[in-house]
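As they're listed, the protein sequences go chains A and B. Just so we're aligned: 52 in our numbering is position 52 of the first sequence, and the numbers increase by one with no gaps anywhere. Just so we're aligned: 75 in our numbering is position 75 of the second sequence, and the numbers increase by one with no gaps anywhere. Glycine residues also receive a C-beta, built at the ideal position from the N, C-alpha and C atoms.
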Amino acid sequence: MRRSIALFVLAAALVALGVWAIPQLVIRPNIISLQLNPLTTAVADKLSNNGKGLVPGKDFNLQTIYYFDDNSWAVARITPVNNNLQASLVVAKKVAGGYQIVLGPGTLFRQSDLQKLPKDVAAYLYSIGAIIT
Amino acid sequence: MENETRKSMIDQRLLRLLLSLLLIAFLVTTALAFKTKFSSGILDAKGTSPTASLEVAQTNYQARVIGYGRVSVRLKPGSYQLIYTENGASTTTAFTIYKGRTTTMSASLSGGQPTNTKPAVDKIFTLLPHYTNQYLLYAQPTSSGKPNIVFYFLAPIPVPANGSRPSQSQGNDLEPAAISAAKTWLTQNGINLDNYTFIITGS
């Protein structure tokens, strides 16, 4: 019986070593995965209506993201992947590690909307013609 | 005696079962490892400086530092950007990862598109709109790249001392002076009017 247990422990150790070592040997170099941008998550939440979620990459892409004031503000362009959405802009503010959509989605904003934005963000929106003058 | 034999048989069965489970775990892990290997590709990135950081970014995903100088990582197939940062300056180069293939990238500050975390905004857009009681100035981006500065004359017709309404010509007389004042204001604020199209309009 003792011999059986010793053999079992040896076999178990070898198998456990194999379970650990095989991926290290086969998957070389290490695989890295990227995390979804918190801004993308905020936009997906904002765009989702009636509990029907929109999937980044499948329904829309977030492109031309510009960050302002040490990443505390961001302006991004929403590009639809299919025809369910319109191309638009969003302005987001960093709140507790994530982003909160402050303005948009929209293609044009009013001057009165700019009061809640920092000057550099407002100037950028002016420069791309997103403000009704 | 019979009981001991039975107990020993049960113990041996238990050990065999545990060993079988471990072997299954081993086989599953190995199969998954090979699946990952054959469904991914390798990025072999090298920067001109050994201390420069190399980051990988993808649309909708957060950029991630993969290392410094020279790095080799495995990625899922798809389109990515390699961000090379050296002494505070960055460049971005697009690359694609294919299944089971190695993509080799040489990154340098001169070899990619400058990375913008903040767009270059023409000063005119931070300065305008500006208005007085005579005119409103605002900026308009154009597709040609030369923005418009729009002068909007508000025609504040002053009421003469005798109380009679001034003629339209008196209002028009004020316009050149207002345009001149607007141009002076722009020049004083460091705007070179040669770089813009000055458009005059009004009510």
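CB of A/A11 within 9 Å of CB of B/L17, strictly: For the purposes of this step, residue 11 of chain A is identified with residue 11 of the first sequence, where counting begins at 1. For the purposes of this step, residue 17 of chain B is identified with residue 17 of the second sequence, where counting begins at 1. Taking 9 Å as the Cβ cut-off, A/A11 and B/L17 do not qualify as a contacting pair.
Can you give me the start and stop residues for the alpha helix (DSSP H) that B/D44 sits inside? Here the question's residue 44 of chain B lines up with position 44 in the second sequence. Run containing B/D44: none in the alpha helix (DSSP H); it sits in the beta strand (DSSP E), 41 to 47.
Just the chain A side, please: which residues come within less than 9 Å of B/S53 by C-beta, in chain order? As a working note, residue 53 of chain B is residue 53 in the second sequence. What B/S53 touches in chain A: nothing, since even the nearest Cβ is about 15 Å away.
Here's the rule: buried if 16 or more other CB atoms are within 10 angstroms of the residue's CB, otherwise exposed. What is B/Q113? As a first step, residue 113 of chain B must be located in the second sequence, where it is residue number 113. Exposed, by the Cβ-count rule.
Under 7 Å between beta-carbons, which chain A residues line up against B/T29? List them in chain order, please. In the second sequence, the residue the question calls residue 29 of chain B occupies position 29. Near B/T29 (Cβ distances below 7 Å), the residues of chain A are V19, I22, P23.
Residues that A/K119 contacts on chain B, provided the C-beta gap is smaller than 7 Å: Indexing the first sequence from 1 puts residue 119 of chain A at position 119. The contacting residues are T126.
Give the range of the alpha helix (DSSP H) segment to which B/F125 is assigned. Position 125 of the second sequence, counted from the start, is the residue given in the question as residue 125 of chain B. 123 to 127 is the span of the alpha helix (DSSP H), which, as asked, contains B/F125.
Would you mind listing the alpha helix (DSSP H) stretches within the segment 41 to 110 of chain A that are 4+ residues and don't spill past its ends, in chain order? none
Whose Cβ in chain B lies nearer than 9 Å to the Cβ of A/V81? The count along the first sequence starts at 1 and reaches residue 81 of chain A at position 81. The premise fails here: A/V81 is roughly 10 Å from chain B at the closest Cβ pair, so nothing lies under 9 Å.
Quick check: the segment 18 to 30 of chain A against the segment 61 to 69 of chain B, are at least 3 beta-carbon pairs closer than 8 Å? no
Tell me the residue span of the beta strand (DSSP E) that contains B/L75. As a position in the second sequence, residue 75 of chain B is number 75, starting the count at 1. Its beta strand (DSSP E) spans residues 70 to 75.
Given this structure, state the Cα-to-Cα distance separating B/T91 from B/A107, to the nearest angstrom. For the purposes of this step, residue 91 of chain B is identified with residue 91 of the second sequence, where counting begins at 1. For the purposes of this step, residue 107 of chain B is identified with residue 107 of the second sequence, where counting begins at 1. Their backbone Cα atoms lie some 8 Å apart in a straight line.
So with Cβ pairs under 9 Å, would you call B/F95 a contact of chain A? Numbered from 1 along the second sequence, position 95 holds the residue referred to as residue 95 of chain B. Answer no: the Cβ-Cβ gap between B/F95 and chain A never drops below 9 Å.
Are the C-beta atoms of A/Q115 and some chain B residue less than 9 Å apart? As a working note, residue 115 of chain A is residue 115 in the first sequence. So no, A/Q115 is outside the interface.
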